[in-house]
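A.B. asks:
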Amino acid sequence: MTVPEYPFRLNRIVVIKAKPETVFSFFTDSARWAAWWGSGSTIDAKPGGHVFIRHPNGIESSGEVLEVTSPKQISFTYGFSSGDPIPPGASRVTIRLEPHEIGTRLELMHEFGEAGPRDEHVQGWRFQLSLFANVVANELHANATSIIDAWFETWAVTDDLARREALERIVSADIRFYDRFSLLEGLPELSDHIGASQRFMPGMSLRRKGQIQHCQGTVIGAWVAIGGDGKERWAGTNIFTLCSDRRITSVTGFTDPNPVDKETSS
Numbered sequence: 162m163t164v165p166e167y168p169f170r171l172n173r174i175v176v177i178k179a180k181p182e183t184v185f186s187f188f189t190d191s192a193r194w195a196a197w198w199g200s201g202s203t204i205d206a207k208p209g210g211h212v213f214i215r216h217p218n219g220i221e222s223s224g225e226v227l228e229v230t231s232p233k234q235i236s237f238t239y240g241f242s243s244g245d246p247i248p249p250g251a252s253r254v255t256i257r258l259e260p261h262e263i264g265t266r267l268e269l270m271h272e273f274g275e276a277g278p279r280d281e282h283v284q285g286w287r288f289q290l291s292l293f294a295n296v297v298a299n300e301l302h303a304n305a306t307s308i309i310d311a312w313f314e315t316w317a318v319t320d321d322l323a324r325r326e327a328l329e330r331i332v333s334a335d336i337r338f339y340d341r342f343s344l345l346e347g348l349p350e351l352s353d354h355i356g357a358s359q360r361f362m363p364g365m366s367l368r369r370k371g372q373i374q375h376c377q378g379t380v381i382g383a384w385v386a387i388g389g390d391g392k393e394r395w396a397g398t399n400i401f402t403l404c405s406d407r408r409i410t411s412v413t414g415f416t417d418p419n420p421v422d423k424e425t426s427s
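This is the structure:
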């Protein structure tokens, strides 16, 4: 059997905020595979297994799995069943995963027999891996809204132990919190800071306002502060960073410059 030669290479490295096991599942599960390639795409993740991609524009690609080492590496041939520029088997894709301090380092190498097709795939992989990172993050943080709601709810917990336990469920031990009144690092300091705010503003609570926006582990959430009298006192927006274990690692808060003063039905 003649081994194809692939002298031309395309390399790309990205870091994804998810654990290697989570990232690798998108190469071995057909539903997840289709989530970042297109509806109807499938993969049989074993040596000799079939790779099929149905792109959103209707063009189809196919190949054969060459190697699978979970959760570290997968290699498969790649070509177009319809359209150009290369037929099935005319290129080889290898994806390697390594643990990274914020998740997973993904290295992609796509090898070609000719330079032209390689050059045509540079932007394609730039786009596809960006889409891939978003798909992984969207599944990993599918409960982001409930995490953000839990963050705001802790600001009304007056019991020190209960508040500490509530925070431990949703934030990292080295949580960082910044706003115009805060420059904090660490869960104990954050919990004490919330307790102090309750002494100076008794009865105050926070509530999410509207839908959150999420992109690759970064969440934007608007909020309102409700006084003990049921009136909205302030409003603002927080930027949250979520880590690979679904906890909040940092929060930066912005308060709207104009105070709010209207009745609310808290």
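With my numbering as the guide, the letters of the sequence shown map in order to residues 162 to 427. Don't be surprised by glycine CBs; every beta carbon is placed ideally from N, CA and C.
#1: Within 10 angstroms of its Cβ, does ALA196 collect 16 or more other Cβ (buried), or is it exposed?
#2: Ordered along the chain, which non-local residues of its own chain (more than five positions away) have a Cβ less than 7 angstroms from that of ILE373?
#3: Please name the residue in GLY414, ASP406 and GLU281 whose C-alpha comes closest to that of ARG170.
#4: Just reading off the alpha helix (DSSP H) that PHE187 is part of, what are its end residues?
#5: Measure the alpha-carbon distance for GLY210 versus THR410 and round it to whole angstroms.
#6: Considering only residues of the same chain and omitting the five flanking positions on each side of LYS180, which have a CB-CB separation below 6 angstroms?
#7: Assuming the contact rule is C-beta atoms closer than 8 angstroms, ARG324 and GLY356 should be a hit. Round their C-beta distance to whole Å, please.
#8: So what's PRO260 in DSSP terms, helix, strand or just coil?
#9: Assign MET162 to one of two classes, buried (16 or more other C-beta atoms within 10 Å of its C-beta) or exposed (fewer than that).
#10: Please classify GLU182 as buried or exposed, where buried requires at least 16 neighbouring CB atoms within 10 angstroms.
#11: Just to confirm the assignment, what range does the beta strand (DSSP E) spanning GLN234 have?
#12: Check whether the region 324-341 and the region 247-261 are in contact - that is, three or more C-beta pairs closer than 8 angstroms.
C.D. replies: The structure says:
#1: Working through the sequence shown from its first residue, we reach residue 196 at position 35. The residue in question, ALA196, is buried, as its Cβ has 16 or more Cβ neighbours within 10 Å.
#2: Start at 1 with the first residue of the sequence shown, and residue 373 comes out as number 212. Excluding sequence neighbours, ILE373 sits near ALA305, THR306, ILE309, VAL380, ILE381 and GLY382.
#3: Position 9 of the sequence shown, counting from 1, holds the residue named residue 170. Among GLY414, ASP406 and GLU281, the Cα nearest to that of ARG170 belongs to GLU281.
#4: Mapped onto the sequence shown, residue 187 falls at position 26. Taken as a continuous stretch (DSSP letters only), the alpha helix (DSSP H) holding PHE187 covers 181-189.
#5: Against the sequence shown, residue 210 aligns to sequence position 49. Against the sequence shown, residue 410 aligns to sequence position 249. Answer to the nearest angstrom: the Cα atoms are 40 angstroms apart.
#6: The residue given as residue 180 occupies position 19 in the sequence shown. Excluding residues within five positions, the ones whose Cβ falls inside 6 angstroms are SER405.
#7: Counting from 1 along the sequence shown, the entry for residue 324 is found at position 163. Counting from 1 along the sequence shown, the entry for residue 356 is found at position 195. 7 angstroms between Cβ atoms; contact.
#8: Reading the sequence shown from its first residue, position 99 is the one you call residue 260. DSSP places PRO260 in strand when its eight states are reduced to three.
#9: Counted from its first residue, the sequence shown places residue 162 at position 1. In this prediction, MET162 has a pLDDT of 44, which is less than 50 and means its spatial position is unreliable; what the coordinates show is noted afterwards. Exposed is the call here.
#10: What you label residue 182 is simply residue 21 of the sequence shown in a count that begins at 1. Exposed, since its Cβ has fewer than 16 Cβ neighbours within 10 Å.
#11: Locating residue 234 in the sequence shown gives position 73, counting from the first residue. Run containing GLN234: 234-241, per the beta strand (DSSP E) assignment.
#12: no
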